[in-house]
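Chains as they are written, first to last, in the working numbering: chain D, 7 to 270; chain X, 1376 to 1657.
For each residue, glycine too, the CB sits at the ideal point set by N, CA and C.
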Ligand SMILES: Nc1ncnc2c1ncn2[C@@H]1O[C@H](COP(=O)(O)OP(=O)(O)OP(=O)(O)O)[C@@H](O)[C@H]1O
Ligand SMILES: [Mg+2]
């Protein structure tokens, strides 16, 4: 080890950081393992799905629709220069399904729910409710974390499909009412552009993003220290970290998908 | 590798045989520190079956920490803890959960689940076990009437007073007939009347069910109420013992600066010559 090159402080920071990453990895492993271990808390899974899903529908609908719209607006102008306005549908649907719907939905749900989970679990930690649960013989990982993970993954997947649909519809509205393109042509170009790999890519991402949102939110909540102030800190960090991880893993997944399904 | 250092001389409490027999809880040279500070330094004691041990000590001496060690919520740096005869210092969490289900714990700040009704709080362990809804209702009603709070059945904890919350938390701890109860300052910050009700409950649990317990308290006067009274099941009330006699199954521990300054019977406590204890009891 070139220890001389590292200052004492840097050394400590790196070590603490590595410990946290390791701790988070174990936390995720345990969350996943609990999916296959009894007891399963079905009612909690449904309550959480309801909480995350129904509450997020309006923002996902609005985000999806206007993102599709703005894509059509921007692309129509550029494509017109090459006389390729007919490709508007293709451009909108590919961008939405591969990238924008999963990422934007993920970011929206992260803002709403990673923070919600971190603050809820964090408050339970600082008021000793988590200790009380353990004292009553219930595993908080099974009771609180795994149900949140399962429901976030499922719900984010469904919300992404909603955003895909609304995005394509938003693009169509702009194409037809503002750019005065042919609606049937828009949809056929949107549909024809899609190949298997695009769909796979677009539907894999929300599964990973959902896992990130729930595990980061719960991890930050469960590891809260320092009273009410600590809860605030965990909440903010949960949103920041999960958002950054969503964008980072989006890059990784896209890279892996290009490698798995090379463009023809 | 260093050679093992000389073992400290064994006292009665350090003898493992004495621990694992029928004692519900036994500490063997348990040490725990937070950062540089050693909070508990080689604490050893044995709780006998049916015994109630009152744990006294100044604020911040580690009484709550000791209770959390007792059911494995935190782990000691060194030493061993036997809960129902099983060593728990390095027992994996799933096995610990099974053992903890046999204990009841009343937290210092109650620690009720905010988002659940009193019924779901008190009935938690039964719900977890999948007991039928009617049975849960019935047993929750019974546990709540034990603490004289039957009208709180469908309320939420944030709408209860501190004393009510403490009593709900006692009901939650005793509903499943635990084999050991850990009370953390059950009368802390309460008025004399509510404190009296809670003392009566503790004495009732001790005399009617003979459940072993550790009880942390700041209020000496509560401690003395418990050793000088017994529960009379005929009148369903606490009655004083004859003057000068103390409950034989209730004893004391005093925690001070990391050590058990005192561990013995009421008589021994009252006749102690230790200057700190004399001051403390004055
Ligand atoms: N998780 C922790 N991290 C760091 N220090 C802690 C932790 N838990 C407890 N302490 C410290 O240990 C000491 C003892 O705490 P504990 O709550 O056990 O005291 P106590 O005897 O119950 O006090 P009180 O009578 O006020 O309830 C305190 O000084 C506290 O700061
Ligand atoms: Mg305390």
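(request) Give the straight-line distance between the Cα atoms of residue 1636(X) and residue 1646(X), rounded to the nearest whole angstrom. (result) 14 Å
(request) Please classify residue 1449(X): is it buried, with 16 or more other beta-carbons within 10 angstroms of its beta-carbon, or exposed? (result) exposed
(request) Find the nearest neighbour of residue 1485(X) within the set 1455(X), 1437(X), 1506(X) and 1542(X), judged by alpha-carbon distance. (result) 1542(X)
(message) Measuring straight from C-alpha to C-alpha, what distance separates residue 1548(X) and residue 1578(X)?
(response) 15 Å
(message) Quick check on the burial criterion: 16 or more other C-beta atoms within 10 angstroms. Buried or exposed for residue 220(D)?
(response) buried
(request) Over the uninterrupted beta strand (DSSP E) stretch that includes residue 1403(X), give me the two end residues. (result) 1400 to 1409
(message) As an exercise, report each continuous beta strand (DSSP E) stretch of at least 3 residues that is fully enclosed by the stretch 1603 to 1636 of chain X, in chain order.
(response) 1604 to 1607, 1612 to 1615 and 1625 to 1631
(message) With H, G and I counted as helix, E and B as strand and the rest as coil, what does DSSP make of residue 1643(X)?
(response) helix
(request) Pick out the complete alpha helix (DSSP H) segments inside the stretch 1433 to 1496 of chain X, 4 residues or longer, and give them in chain order. (result) 1438 to 1445 and 1468 to 1475
(request) Assign residue 1446(X) to buried or exposed, taking buried as 16 or more other Cβ atoms, counted over all protein chains shown, within 10 Å of its Cβ. (result) buried
(message) Buried or exposed for residue 1588(X), going by 16 or more other Cβ atoms inside 10 Å?
(response) buried
(request) Can you tell me which of 1412(X), 1535(X) and 1454(X) puts its alpha carbon nearest to the alpha carbon of residue 1420(X)? (result) 1454(X)
(message) Quick check on DSSP: helix, strand or coil for residue 1657(X)?
(response) coil
(message) Could you check whether the Cβ of residue 1475(X) sits closer than 8 Å to any Cβ belonging to chain D?
(response) yes
(request) Assuming residue 107(D) contacts residue 204(D) (C-beta within less than 8 Å), just tell me the rounded distance between them. (result) So it is not a contact: roughly 11 Å between Cβ atoms.
(request) With DSSP as the reference, please indicate the residues paired to residue 1589(X) in a beta bridge. (result) 1428(X) and 1557(X)
(request) Quick one: residues in its chain with C-beta nearer than 8 Å to the C-beta of residue 91(D), no 5 flanking neighbours on either side, listed in chain order? (result) 82, 85, 185 and 187
(message) Distance check for residue 120(D) and residue 191(D), CA to CA, integer angstroms please.
(response) 40 Å
(request) Check whether the stretch 110 to 119 of chain D touches the stretch 130 to 146 of chain D, counting contact only when three or more Cβ pairs, one atom from each stretch, lie closer than 8 Å. (result) no
(request) Give a yes or no on whether the minimum CB-CB distance between residue 104(D) and chain X is below 8 Å. (result) no
(request) Could you tell me if the beta carbon of residue 203(D) falls within a distance shorter than 7 Å of some heavy atom in ligand 2? (result) no
(request) Identify the contact partners of residue 1500(X) in chain D, using a Cβ-Cβ distance below 8 Å as the criterion. (result) 142 and 143
(request) Report yes if the C-beta of residue 121(D) is less than 7 Å from at least one heavy atom of ligand 1; otherwise report no. (result) no
(message) Strictly below 7 Å CB to CB, what residues from chain D border residue 1486(X)?
(response) 133, 134, 135, 137 and 138
(message) Here's a check: name, in chain order, each residue in its chain whose Cβ is nearer than 7 Å to the Cβ of residue 1437(X), leaving out the five neighbours to either side.
(response) 1414, 1415 and 1630
(request) Check each candidate in 73(D), 51(D) and 56(D) and name the one with the smallest Cα separation from residue 173(D). (result) 73(D)
(message) Does chain D have any CB closer than 8 Å to the CB of residue 1503(X)?
(response) yes
(request) Kindly indicate the opening and closing residues of the alpha helix (DSSP H) around residue 185(D). (result) Element bounds for residue 185(D): n/a, residue is neither H nor E.
(request) Classify residue 44(D) as buried or exposed, calling it buried when 16 or more other Cβ atoms lie within 10 Å of its own Cβ. (result) exposed
(message) Taking the beta carbon of residue 1584(X) as the centre, do at least 16 other beta carbons fall within 10 Å, making it buried, or is it exposed?
(response) exposed
(message) I'd like to know whether the C-beta of residue 7(D) is nearer than 8 Å to at least one C-beta of chain X.
(response) Low local confidence applies: a pLDDT of 48 at residue 7(D) is under 50, so the model's placement there is unreliable, with the coordinate-based value given in what follows. Not closer than 8 Å to any Cβ of chain X, the Cβ of residue 7(D) fails to qualify, so no.
(request) For residue 1528(X), write down the residues that DSSP places opposite it in a beta bridge. (result) None, per the DSSP bridge assignment.
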